[in-house]
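Take a look at the structure set out below.
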Amino acid sequence: MSEKLNEPVVLERFKRGDTSAFKDIVLAYQDRIYRLCRYMLGDPHNAEDAAQDTFLKAYQSLKNFKPDASLYTWLYRIAVNTCIDYKRKSAFESLFKHTNNGEDIIAEEQSTEPSPEKLYESRQMTDALQKALKKLSQKLRTIIVMKEIEGLPYEDIARVLDISIGTVKSRISRAREELRDLMKGFTPIERTNHENR
Amino acid sequence: MRCSRAKKLFSPYIDKALTKAETELFDAHIRDCKKCRTMLEEMQAIHNTFSSMERLNAPYAFTTRVMATIDEKRTKRLSLFPVLSRLIEAAVVILVIIIGSRAGSLLGKTFAGQKTTIVSSLSLDAFESVQPNSIGGAYIAMMEGNNEK
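Protein chains in written order, with my numbering: chain A, 2 to 198; chain B, 1358 to 1506.
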């Protein structure tokens, strides 16, 4: 499904009571919102629930939406807040029971096609990166996912998270540095150095 | 350019957010400084890995499930509406009764000192006697006849 959506038109349709307008919004943004929730929460079930909640909240307040920001920026903001709530909830629940620590974030979505050596290396890098991502703080993970996976520009990230562009840049920079530290021995450069020693 | 300055530019360099002049200075430093070059290559490798990562998509029939949940909630709200409207009607009736009784008791207190006036104003003397040839007179005559029997 194409993610291109004529936002003003679809919003007008929604305001006129056309329920299929909201379906178009979900279809257009479901992958991006789910992906964000998945990277923020790790667990696929929680991610799906959080993504669903995001759209339900959006449905309830879409009539009050002021199109001074884009719809997807607004949806992202709801998704980020929903994921933070889920995180808090699961942190609270983990006080009372042992839960899976989110190790299942990786691998299950990866292709099983037979791979040559390069592909194998790239798989290793991807695995290492996913593991490193989990070790980042919530703040840094959210911002690096928005930048690197969703490809959002600095300005949109700033709008979603309600922070300055300067803060966005410095957090992205910090996230990259931390990822580099966490992935020591996994990046091809590091591996070459290790092998040469 | 010093290494400390170059390190701050790694991230915007990757995002292609440096000005032309900054890029030229940075490139010159990277060419000469092996340490910074290695660090930049590591960061670049991570950036490339992100780009090549498989994009996760929403699960199958996700939109259908979202729309079904919305419909379910809307139906629930609609089915609650008749019950709510009955409750509101009942509440309005009760409110009217309460206001009426309060108003009555207030009026009673207001006229408490003027009892005689009220009584005299409500006295039957205020009514004119019924004419015997009117319909009312005929009715009274008929009723009196019945009572005598």
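Note that the Cβ used here is the ideal one computed from N, Cα and C, for glycine as well. Only a predicted model underlies this, so the values are computations on that prediction, with no experimental measurement involved.
Under 8 Å between C-beta atoms of residue i and residue j
{"i": "residue 41(A)", "j": "residue 142(A)", "result": "yes"}
{"i": "residue 148(A)", "j": "residue 166(A)", "result": "no"}
{"i": "residue 28(A)", "j": "residue 151(A)", "result": "no"}
{"i": "residue 139(A)", "j": "residue 1415(B)", "result": "no"}
{"i": "residue 84(A)", "j": "residue 59(A)", "result": "no"}
{"i": "residue 1(A)", "j": "residue 73(A)", "result": "Nothing can be reported for residue 1(A): it is not among the residues displayed for chain A, which extend from 2 to 198."}
{"i": "residue 1382(B)", "j": "residue 1358(B)", "result": "yes"}
{"i": "residue 1427(B)", "j": "residue 57(A)", "result": "yes"}
{"i": "residue 1387(B)", "j": "residue 1394(B)", "result": "yes"}
{"i": "residue 1413(B)", "j": "residue 87(A)", "result": "no"}
{"i": "residue 1422(B)", "j": "residue 125(A)", "result": "no"}
Contact set for residue i: own chain, Cβ-Cβ below 8 Å, skip 5 residues either direction
{"i": "residue 7(A)", "result": "none"}
{"i": "residue 1396(B)", "result": "1364, 1367"}
{"i": "residue 12(A)", "result": "22, 63, 66, 68, 72"}
{"i": "residue 9(A)", "result": "68"}
{"i": "residue 1490(B)", "result": "none"}
Nearest residue (CA-CA) to residue i, options the options
{"i": "residue 199(A)", "options": "39(A), 67(A), 28(A)", "result": "Here chain A comprises residues numbered 2 to 198, so residue 199(A) is not present and cannot be evaluated."}
{"i": "residue 130(A)", "options": "75(A), 183(A), 59(A), 30(A)", "result": "183(A)"}
{"i": "residue 22(A)", "options": "51(A), 32(A), 64(A)", "result": "64(A)"}
{"i": "residue 160(A)", "options": "77(A), 84(A), 125(A), 91(A)", "result": "77(A)"}
{"i": "residue 1360(B)", "options": "1384(B), 1501(B), 1378(B), 1442(B)", "result": "1384(B)"}
{"i": "residue 1372(B)", "options": "1462(B), 1390(B), 1400(B)", "result": "1400(B)"}
{"i": "residue 175(A)", "options": "144(A), 157(A), 15(A), 164(A)", "result": "144(A)"}
{"i": "residue 46(A)", "options": "1370(B), 1496(B), 1419(B)", "result": "1419(B)"}
{"i": "residue 162(A)", "options": "15(A), 20(A), 19(A), 79(A)", "result": "79(A)"}
{"i": "residue 1430(B)", "options": "70(A), 61(A), 135(A)", "result": "61(A)"}
{"i": "residue 91(A)", "options": "19(A), 154(A), 43(A)", "result": "43(A)"}
{"i": "residue 1406(B)", "options": "26(A), 121(A), 25(A), 75(A)", "result": "121(A)"}
{"i": "residue 1380(B)", "options": "1392(B), 1391(B), 1362(B)", "result": "1362(B)"}
{"i": "residue 123(A)", "options": "1377(B), 1465(B), 1408(B), 1504(B)", "result": "1408(B)"}
Cut-off 6 Å between Cβ atoms - residues of its own chain near residue i, not counting five sequence neighbours on either side
{"i": "residue 1433(B)", "result": "none"}
{"i": "residue 133(A)", "result": "180, 183, 184"}
{"i": "residue 164(A)", "result": "none"}
{"i": "residue 1369(B)", "result": "1375"}
{"i": "residue 136(A)", "result": "183"}
{"i": "residue 55(A)", "result": "34, 79, 80, 83"}
{"i": "residue 25(A)", "result": "11"}
{"i": "residue 1502(B)", "result": "none"}
Within chain A, the residues that residue i reaches when beta carbons sit closer than 9 Å
{"i": "residue 1422(B)", "result": "49, 53"}
{"i": "residue 1412(B)", "result": "32, 36, 150"}
Chain-ordered chain A contacts of residue i [CB-CB under 8 Å]
{"i": "residue 1416(B)", "result": "35, 45, 49"}
{"i": "residue 1406(B)", "result": "123, 126, 127, 130"}
{"i": "residue 1409(B)", "result": "123, 127"}
Spatial neighbours of residue i in its chain, beta-carbon cut-off 7 Å, leaving aside the 5 residues before and after
{"i": "residue 107(A)", "result": "Because residue 107(A) sits at a pLDDT of 42, beneath the cut-off of 50, its placement in the model cannot be relied upon, and the point is left open."}
{"i": "residue 158(A)", "result": "144, 147, 148, 169"}
{"i": "residue 15(A)", "result": "22, 23, 63"}
{"i": "residue 156(A)", "result": "166"}
{"i": "residue 1487(B)", "result": "1493, 1494, 1497"}
Within chain A, the residues that residue i reaches when beta carbons sit closer than 7 Å
{"i": "residue 1361(B)", "result": "Going along chain A, no residue has its Cβ under 7 Å from residue 1361(B), so there is no contact; the nearest lies around 13 Å."}
{"i": "residue 1369(B)", "result": "170"}
{"i": "residue 1432(B)", "result": "Near residue 1432(B) there are no residues of chain A at all, since even the closest Cβ is about 12 Å away, more than 7 Å."}
{"i": "residue 1383(B)", "result": "The contacting residues do not exist; residue 1383(B) stays about 14 Å from chain A at best."}
{"i": "residue 1426(B)", "result": "53, 57"}
Under 8 Å from the C-beta of residue i: neighbouring residues of chain B
{"i": "residue 168(A)", "result": "By Cβ distance, chain B contributes nothing, its closest Cβ being about 13 Å from residue 168(A), past 8 Å."}
{"i": "residue 174(A)", "result": "1365, 1367, 1368, 1369"}
{"i": "residue 164(A)", "result": "Those do not exist, as residue 164(A) stays about 16 Å from chain B at its closest Cβ, beyond 8 Å."}
{"i": "residue 27(A)", "result": "1419, 1420, 1423, 1424"}
{"i": "residue 39(A)", "result": "1413"}
Residue i Cβ short of 7 Å to the ligand SAM heavy atom set
{"i": "residue 1376(B)", "result": "You won't find the ligand SAM in this model; it holds no ligand whatsoever."}
Listed by chain order, chain B residues near residue i by CB distance under 7 Å
{"i": "residue 60(A)", "result": "1427"}
{"i": "residue 180(A)", "result": "1403"}
| field | Any alpha helix (DSSP H) of 4 or more consecutive residues that is wholly inside the region 1384 to 1461 of chain B | value | 1391 to 1409
| said: For a minimum of 4 consecutive residues, which ranges assigned as the alpha helix (DSSP H) are wholly contained in the region 8 to 35 of chain A? | reply: 8 to 16
| Entirely enclosed alpha helix (DSSP H) segments - the region 35 to 77 of chain A, minimum 4 residues | 45 to 62
| Which ranges does the alpha helix (DSSP H) cover as unbroken runs of at least 4 residues, wholly within the region 130 to 192 of chain A, from first to last along the chain? | 139 to 145, 155 to 162, 166 to 183
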